[in-house]
Amino acid sequence: REWGHGGEDAYFFKASKIDSQRDVVAFGVADGVYMWRWQGIDAGEFSRRLMGLASEVFSGQTEVLSESEEHQFKKDRPEHLLKAAYAGVLEEGVQGSTTACIA
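Taken in order, the sequence shown gives residues 66 to 168; the numbers are from our numbering.
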């Protein structure tokens with residue numbers, strides 16, 4: 066299983082090829098903030114979507130545009146995956162917050 070969730074938490078685990086040669090594995094975990102429920106917001110939606118988008122970006126299902134030539138997106142860089150996933154969550158208007166780590 067490449068993804069999952071429980072309560073406000075979510076994770077993904079995905080293998081992919083980089084430049085059609087190198088096998089690379091990425092995984093991430095997000096620990097959603099329960100207190101959003103007090104605001105009437107699904108506290109786990111943010112975590113689930115963040116990890117879902119990170120997985121999609123890593124596998125090439127979602128395209129990411131680089132900010133500039135100087136800052137080229139590289140899917141084998143965990144900070145690039147997290148930044149792209151976060152931008153996607155904001156663009157979709159998902160409310161909430163989470164602690165997240167991608168490696």
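Beta carbons: idealized from backbone N, C-alpha and C, even for Gly.
- Its Cα nearest to that of A165, the residue F92 stands out among S85, Q86 and F92.
- Shown here for I106: same chain residues with a beta carbon closer than 7 Å to its own, the five before and five after excluded, namely Q160 and G161 in chain order.
- Contact between W101 and A95 does not hold, since the beta-carbon distance rounds to 13 Å and is not under 8 Å.
- Shown here, K139 sits in coil according to DSSP, grouped into three states, outside any helix or strand.
- The Cβ atoms of E73 and S112 sit closer than 9 Å to each other.
- Secondary structure in the region 68–124: the alpha helix (DSSP H) runs of 4 residues or longer, each lying completely within the stretch, are 110–124 in chain order.
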